[in-house]
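Structure record follows, encoded as structure tokens.
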Amino acid sequence: MRLSSAFQPMLKEVPAEAQIASHRLMLRAGLIRQTSSGIYAWLPAGLRVLRNIERIVREEQNAIGAQEVLMPTLQSADLWRRSGRYDAYGPEMLRIKDRHEREMLYGPTNEEMITDLFGQAIKSYRELPQVLYHIQWKFRDELRPRFGVMRGREFLMKDAYSFDVTYEGAVASYRRMMLAYLRTFQRLGVRAVPMVADTGPIGGNLSHEFLVLAPTGESGVFYDAALEEQDWLAQDVDIADTASLEAFFNRVTGSYAATDEMHDEKAWSEVPEDRRREGRGIEVGHIFYFGTKYTEAMGISVSGSDSAPLFPQMGSYGIGVSRLVGAIIEASHDEAGLIWPDEVAPYRAAILNLKVGDAASDAICERLYAAAPDAFLYDDRSDRAGVKFNDADLLGHPWQMIVGPRGAKEGMVELKRRATGERLELSVEDALSRVLGG
RNA sequence: CGGGGCGUGGCGCAGCCUGGUAGCGCGCUUGUUUUGGGAACAAGAGGCCCCCGGUUCGAGUCCGGGCGCCCCGACCA
């Protein structure tokens with residue numbers, strides 16, 4: 001994309017409503033604009049980030065055998081009456097009437113709908129397990145939206161649901177999902193630590209929240225440093241093998257990690273002092289086993305091996321996709337602006353033409369840009385160099401390819417790594433291969 | 001939902017107390033000179049002052065009502 005023609009509105013001054021870094025930077029860098037309290041329009045750069053996150057989430061969901069569906073945002077009240085949640089859910093549920101006075105709602109989550117869809121299609125235990133997910137906008141009418149997309153009313157969420165014949169099967173589904181989550185967050189370039197969460201009336205130890213560590217997090221967190229040293233992508237886990245899954249699960253849960261709500265001082269004191277990590281975290285994912293709560297309430301059963309009706313064991317698993325944009329920024333920015341992890345950045349690199357009109361500079365920039373027009377944001381505006389340096393730092397693409405008359409004469413490109421500030425003088429070919437990888 | 005605050009060119013704000021030609025900085029347009037870390041000068045454009053009603057000769061300013069947005073707290077992917 002050429003910046004001169006991009007819909008990329010940037011702000012020099014900070015909008016008054018933005019309190020935290022991610023919200024300020026998302027507005028300043030032209031990723032989003034607010035349209036109502038807690039509701040945002042995503043502009044091209046922001047949407048590219050959102051799509052990148054979705055892509056990685058999909059790949060990791062598919063890798064554990066989850067199948068993507070897409071359920072609607074609007075649901076019927078009757079469906080929710082079947083689970084008893086229509087009345088139980090508070091005013092965060094946005095209730096709507098259509099022209100026939102039928103009661104509808106904008107879905108805050110999809111347990112009821114997926115359970116119903118499942119029940120209509122699946123009739124035998126032999127068709128289990130099933131894991132279904134979708135990535136869809138949700139609406140929760142929060143009392144007090146704040147912090148931009150971190151706490152919006154409308155938000156994009158990946159929610160997955162597993163159906164198993166037995167408790168043991170449900171546990172295996174849960175563990176596979178935990179692995180998928182750890183890999184997903186690592187690929188997104190953030191450290192998300194799984195912490196035991198309150199399981200409420202269901203009990204057991206099968207509920208974990210994933211928190212990205214950031215000073216502006218809403219929860220206090222306590223965890224063993226061992227958890228941030230793990231490379232989840234390198235771990236060899238056989239997702240078809242129960243023993244392998246169990247060993248993996250024990251590696252994760254063997255180290256202490258809890259939010260302030262679930263914090264256990266005694267267990268904490270047993271963690272060696274030099275490995276104790278305390279801080280704050282932003283919840284970006286939650287996995288939960290809840291057994292037959294919905295299948296029983298809604299009367300959804302399949303035939304068991306003895307031909308008797310059997311209520312499938314369910315789990316649900318959420319990732320806050322739009323919230324992650326904010327969380328990633330909270331965890332990765334500096335005074336000058338955004339610092340995108342490679343996998344989520346809107347573009348791989350910005351090309352900075354420091355002197356538009358200088359024949360050598362123009363020629364090199366055009367060569368660079370032509371190599372991968374969709375991977376680069378080419379700053380071809382006729383502004384001064386300082387403006388371009390500042391905007392490039394604000395937008396935070398992983399690389400900056402800086403081209404000015406000084407180096408252009410010799411055919412050289414100055415490559416700057418946004419995260420470290422490291423600079424290299426390279427030929428056009430070397431700069432391209434360095435930035436595009438491979 | 002309790003408490004507090006704010007709505008004035010795209011953004012950040014002043015003006016309101018004490019009613020009388022709607023301002024400043026940034027941004028935007030045109031021109032000239034500049035040009036490796038947010039240039040200088042000159043000339044311009046751009047406003048239902050949130051909405052409705054009231055008081056007044058006259059309302060951005062005073063009064064009443066409404067709407068929107070933000071902050072603190074309790075609650076939350």
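To convert, note that position 191 of the first sequence is 191 in full-length UniProt numbering; the numbers rise steadily by one, no gaps. In this text, a Cβ means the ideal position worked out from N, Cα and C, and glycines have one as well.
Integer Cβ distance of residue 57 from residue 158, believed to fall under 8 Å: 5 Å
Residue 30 and residue 8 closer than 8 Å at C-beta: yes
Residue 158 in three-state terms, based on DSSP: DSSP places residue 158 in strand when its eight states are reduced to three.
Rounded distance between the beta-carbons of residue 162 and residue 131, thought under 8 Å: 5 Å
Within 8 Å, strictly: CB atoms of residue 433 and residue 411: no
Beta-carbon gap between residue 71 and residue 114 smaller than 8 Å: yes
Spatially closest choice to residue 334 from 354, 32, 262, 419, by CA coordinates: Across the set 354, 32, 262, 419, the C-alpha of 419 shows the shortest separation from the C-alpha of residue 334.
Where residue 230 falls: helix, strand or coil (DSSP): coil
Residue 149 (DSSP reduced to helix, strand or coil): helix
Run of the alpha helix (DSSP H) containing residue 50, from where it starts to where it stops: From DSSP, the alpha helix (DSSP H) with residue 50 extends over 44-63.
Cβ distance (whole Å) where residue 436 is taken to contact residue 363 below 8 Å: For a cut-off of 8 Å, the C-beta gap from residue 436 to residue 363 is around 20 Å, too long to register as a contact.
Counterpart residues of residue 287 in DSSP-defined beta bridges: Paired residue(s): 208, 317.
Limits of the beta strand (DSSP E) - the one that residue 76 falls within: 74-76
Opening and closing residue of the alpha helix (DSSP H) in which residue 173 lies: For residue 173, the enclosing alpha helix (DSSP H) stretches over residues 167-187.
Backbone CA spacing between residue 456 and residue 129 [nearest angstrom]: Since the first residue of the chain shown is 1 and the last is 438, residue 456 is not available in this structure.
Three-way DSSP call (helix, strand, coil) for residue 439 in this model: Past the boundaries of the shown model lies residue 439; the chain is included only from 1 to 438, so the question cannot be answered.
Supposed contact pair residue 388 and residue 352 - C-beta distance, whole angstroms, cut 8 Å: 5 Å
Exposed unless 16 or more other CB atoms sit within 10 angstroms - verdict on residue 315: buried
Residues near residue 67 by beta carbon distance below 8 Å, same chain, minus five either side: 130, 131, 132, 133
Own chain residues within Cβ distance below 7 Å of residue 227, not counting five before or after: Around residue 227, the same chain offers 193, 255, 257 as residues with beta carbons nearer than 7 Å, after the five sequence neighbours per side are excluded.
Neighbourhood of residue 238 by C-beta, 8 Å cutoff - its chain only, sequence neighbours within 5 removed: 244, 245
Distance between residue 288 and residue 88 (C-alpha atoms, nearest Å): 19 Å
Where residue 276 falls: helix, strand or coil (DSSP): strand
Residues sharing a beta bridge with residue 414, DSSP: Residue 414 pairs with 402, 425.
Selected residue, minimal CA-CA separation from residue 209, among 215, 216, 198: 198
Bridge partners - residue 11, DSSP secondary structure assignment: Its beta-bridge partners do not exist; DSSP assigns none.
Residue span of the alpha helix (DSSP H) that contains residue 221, given as start and end: That residue, residue 221, is in no alpha helix (DSSP H); its beta strand (DSSP E) goes 219-224.
Nonlocal neighbours in the same chain, by C-beta distance under 6 Å from residue 440, ignoring five residues either side: Residue 440 lies beyond the residue range present for the chain, which begins at 1 and ends at 438; the question has no answer from this structure.
Beta-carbon proximity check, residue 152 vs residue 269, cutoff 8 Å: no
Member of 301, 391, 339 whose CA lies at the smallest distance from the CA of residue 121: 301
Assumed close pair residue 365, residue 378 - CB separation to whole angstroms, cut-off 8 Å: 6 Å
Helix, strand or coil at residue 375 according to DSSP, with G and I counted as helix: Under the three-state reduction of DSSP output, residue 375 falls in the coil class, being neither helix nor strand.
Contact the region 72-85 vs the region 180-190: 3+ CB pairs below 8 Å: no
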